[in-house]
Amino acid sequence: MTESDVAIAMFERIGGSATIDRLVDRFYDRMDTLPEAKIIRAMHADDLGLIRDVLKRYLTEWTGGPKLYSVEKGHPRLRQRHIGFAIGDAERDAWMLCMRGALEETVVDAAARQDLDKALSGLADWMRNR
């Protein structure tokens, strides 16, 4: 990354809230339709509307945008919030398959997409609890 990349939040690099919204929508669309994602789709409610909104708010804040998540939910405590779900390599890989496809479809800037993929991969790996 260049110095200017470091100074600009990922939120702005990828196109702000419009891109976050498309990214999350494509992510859950993929989760809802890909056979490889069946393992993680089963962890969610039938209606994905609420969780779409939560992930949009989380990713907005996580990428350096407005604080939309923590003002309502406090500290993310992601591992604690997901402790009731068995998350191993297969679940992490299914999640990343959906996210990588969504990134490819929505984040135009290849360098930003690569940086975001790396960060999300680390997050997904850290979420494993088995």
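Numbering (our numbering), first residue to last: -18 to 111.
The C-beta atom is built at its ideal place from N, Cα and C for all residues, glycine as well.
Can the beta-carbon of S102 be found closer than 8 angstroms to that of M77?
Yes; because the gap between Cβ atoms is below 8 angstroms, this pair is in contact.
Excluding five sequence neighbours on each side, which residues of the same chain lie with their C-beta closer than 6 angstroms to the C-beta of L36?
Same-chain partners within the cutoff: V5.
Proximity winner among A23, V89 and D2, relative to D143 (alpha-carbon distances)
Examination of residue 143 is not possible in this model, given that the chain is present from -18 through 111 alone.
As assigned by DSSP and simplified to three states, the class of L104:
L104: helix per DSSP, three-state reduction.
What's the gap between the Cα of T(-17) and the Cα of F(-8)?
Confidence at T(-17) is low in this model, with a pLDDT of 47, below 50, so the placement of that residue is unreliable and no value is reported for it.
To the nearest angstrom, report how far apart T41 and A83 are at their CA atoms.
Looking at the two C-alpha atoms, the distance is approximately 15 angstroms.
Compute the Euclidean distance between the alpha carbons of G(-4) and W43, then round it to the nearest angstrom.
Distance between the alpha carbons of G(-4) and W43: 14 angstroms.
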